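**Q**
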Amino acid sequence: DIQMTQSPSSLSASVGDRVTITCRASQTISSYLNWYQQKPGKAPKLLISAAFSLQSGVPSRFSGSASGTDFTLAIASLQPEDFATYYCQQSYSIPFTFGPGTKVDIK
Amino acid sequence: QVQLVQSGAEVKKPGASVKVSCKASGYTFTGYYMHWVRRAPGQGLEWMGRINPNSGGTNYAQNFQDRVTMTRDTSINTAYMELSSLRSDDTAVYYCARGDASDYWGQGTLVTVSS
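Order-wise, the sequence lines are chains G and U. For reference, each letter of the first sequence is one residue, going 1 to 107 in the numbering used here. For reference, each letter of the second sequence is one residue, going 1001 to 1115 in the numbering used here.
#1: What does the Cβ neighbour count give for G:SER49, buried or exposed, with the cut at 16 atoms within 10 Å?
#2: When you compare the region 1076-1093 of chain U with the region 79-90 of chain G, are there three or more beta-carbon pairs, one atom per stretch, that lie closer than 8 Å?
#3: What's the C-alpha gap between G:ARG61 and G:PHE52?
#4: Using a cut-off of 8 Å between C-beta atoms, extract the partners of G:LEU46 located in chain U.
#5: Between the region 1092-1102 of chain U and the region 1025-1045 of chain U, do at least 3 Cβ pairs fall closer than 8 Å?
#6: Is it buried or exposed for G:VAL15, if we count other Cβ within 10 angstroms and need 16 for buried?
#7: Taking one C-beta from the region 56-70 of chain G and one from the region 1017-1028 of chain U each time, how about it: are there three or more such pairs within less than 8 Å?
#8: Let me make sure I understand the geometry here. Which of G:ALA66, G:VAL104, G:ASP105 and G:PHE96 has the alpha-carbon closest to that of U:LEU1045?
#9: Tell me, to the nearest whole angstrom, how far the beta carbon of U:VAL948 is from that of U:LYS1012; I am working on the premise that it is less than 8 Å.
#10: Mark U:ARG1039 as exposed unless 16 or more other C-beta atoms lie within 10 angstroms of its C-beta, in which case mark it buried.
#11: Specify whether the region 22-41 of chain G and the region 85-94 of chain G touch according to this definition: at least 3 beta carbon pairs, one from each stretch, less than 8 Å apart.
#12: Which residue spans inside the region 19-46 of chain G form an unbroken alpha helix (DSSP H) run of at least 4?
#13: Hey, how far is the Cα of G:THR102 from the Cα of G:ALA74?
#14: Tell me which residue opens and which closes the beta strand (DSSP E) that G:ASP70 is part of.
#15: Along chain G, in chain order, which residues have C-beta atoms closer than 7 Å to that of U:ASN1059?
#16: Over what stretch of residues does the beta strand (DSSP E) that includes G:ILE2 continue unbroken?
#17: If you measure beta-carbon to beta-carbon, which residues of the region 1042-1056 of chain U are closer than 8 Å to chain G?
#18: Determine, using beta carbons only, whether U:ARG1039 comes closer than 9 Å to chain G.
#19: Find the nearest neighbour of G:ASP70 within the set G:GLY99, G:VAL58 and G:PRO44, judged by alpha-carbon distance.
#20: Excluding the 5 residues preceding and the 5 following G:GLY57 in the sequence, name in chain order all residues of the same chain whose CB lies nearer than 7 Å to its CB.
#21: In angstroms, rounded to a whole number, what distance separates the CA positions of U:ARG957 and U:GLY1056?
#22: So is G:ARG18 buried or exposed if we call it buried at 16+ other beta carbons inside 10 Å?
Listed below in structure tokens is the structure:
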């Protein structure tokens, strides 16, 4: 199975900060990397698919990048509604493993 | 609009089985894989498996291989996930989600396993 790691596991930030979350795959996954946001009591929401592709309706302050097996989710200017837990997931090979998550909370 | 509507919360005893349904609307049901993901209290998301609604073919995560069965009924655009031999650590919210990059999710079904 492909293992996904994320860093940091949690971070505290202020509104307006630039935030980056890194995800690393244990082997090549090409660009089959998705990013999800989950808020308490809600279903996950797809933000970015295929490493770079912003989903319709997702604010442009979210972006994805990749370098080899390292992937990054960036939030350009953190907004109050962005405080949540973020997960990466590889959809390259079965099982479609998730990273352990990064919790973003208010400083 | 695309909707995935799941069945309601369940309380089960250890050793029992649970079957969660996911009714799809607003798109061609047979055109997308349906995935099942769970989140246990205090834990992250865990991928359980997927079903091809067109063929009925399935892929399961190794952790659930012996206990999970995913099926579908194309006449009513509904997918099902049945988990057997329930344990307390199966207590979780179970989600269905459309597609390999899951762009639509059900609202979640809380399954509580308790004696």
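Beta carbons: idealized from backbone N, C-alpha and C, even for Gly. Just so it is clear, the structure is predicted and the values come from calculations on it, not from any experiment.
**A** Reading off the structure:
#1: Here the question's residue 49 of chain G lines up with position 49 in the first sequence. That one is buried.
#2: Between the region 1076-1093 of chain U and the region 79-90 of chain G, the count of C-beta pairs closer than 8 Å stays below three; the two stretches do not touch.
#3: Here residue 61 of chain G corresponds to residue number 61 of the first sequence, with the count starting at 1. Here residue 52 of chain G corresponds to residue number 52 of the first sequence, with the count starting at 1. Between the C-alpha atoms of G:ARG61 and G:PHE52 there is a straight-line separation of about 13 Å.
#4: If you number the first sequence from 1, residue 46 of chain G lands on position 46. Using a Cβ-Cβ cut-off of 8 Å, G:LEU46 is close to ALA1101, SER1102 and ASP1103 of chain U, given in chain order.
#5: Yes, the region 1092-1102 of chain U touches the region 1025-1045 of chain U.
#6: Residue 15 of chain G sits at position 15 when you count from the first residue of the first sequence. Its Cβ having fewer than 16 others within 10 Å, G:VAL15 is exposed.
#7: These segments do not touch.
#8: Start at 1 with the first residue of the second sequence, and residue 1045 of chain U comes out as number 45. Of the candidates G:ALA66, G:VAL104, G:ASP105 and G:PHE96, the one whose C-alpha sits nearest the C-alpha of U:LEU1045 is G:PHE96.
#9: Not covered by the structure: residue 948 of chain U. The range shown for chain U is 1001 to 1115.
#10: Here residue 1039 of chain U refers to the residue found at position 39 when the second sequence is read from its first residue. The residue is buried, with at least 16 neighbouring Cβ atoms inside 10 Å.
#11: Remark: three or more beta-carbon pairs, one from each stretch, lie closer than 8 Å, so the region 22-41 of chain G and the region 85-94 of chain G are flagged as touching.
#12: If we require 4 residues or more, the region 19-46 of chain G turns out to have no alpha helix (DSSP H) run fully inside it.
#13: To locate residue 102 of chain G, count along the first sequence from 1; it is residue 102. To locate residue 74 of chain G, count along the first sequence from 1; it is residue 74. Distance between the alpha carbons of G:THR102 and G:ALA74: 12 Å.
#14: Numbered from its first residue, the first sequence carries residue 70 of chain G at position 70. Start and end: 70-75.
#15: Translated into the one-based positions of the second sequence, residue 1059 of chain U becomes position 59. Within chain G, the residues near U:ASN1059 are ILE94.
#16: To locate residue 2 of chain G, count along the first sequence from 1; it is residue 2. G:ILE2 -> no beta strand (DSSP E), and no H or E assigned at all.
#17: Cβ contacts with chain G come from GLY1044, LEU1045, GLU1046, TRP1047, GLY1049 and ARG1050.
#18: Taking the second sequence and counting its residues from 1, the one referred to as residue 1039 of chain U is at position 39. U:ARG1039 counts as touching chain G.
#19: Translated into the one-based positions of the first sequence, residue 70 of chain G becomes position 70. The option with the nearest alpha carbon to G:ASP70 is G:GLY99.
#20: In the first sequence, residue 57 of chain G corresponds to position 57, counting from 1. Correct list: empty, nothing qualifies.
#21: Outside the shown range of chain U, which is 1001 to 1115, sits residue 957 of chain U, and nothing can be said about it.
#22: Along the first sequence, read from residue 1 onward, the residue named residue 18 of chain G stands at position 18. Counting Cβ neighbours within 10 Å, G:ARG18 comes out exposed, since fewer than 16 surround it.
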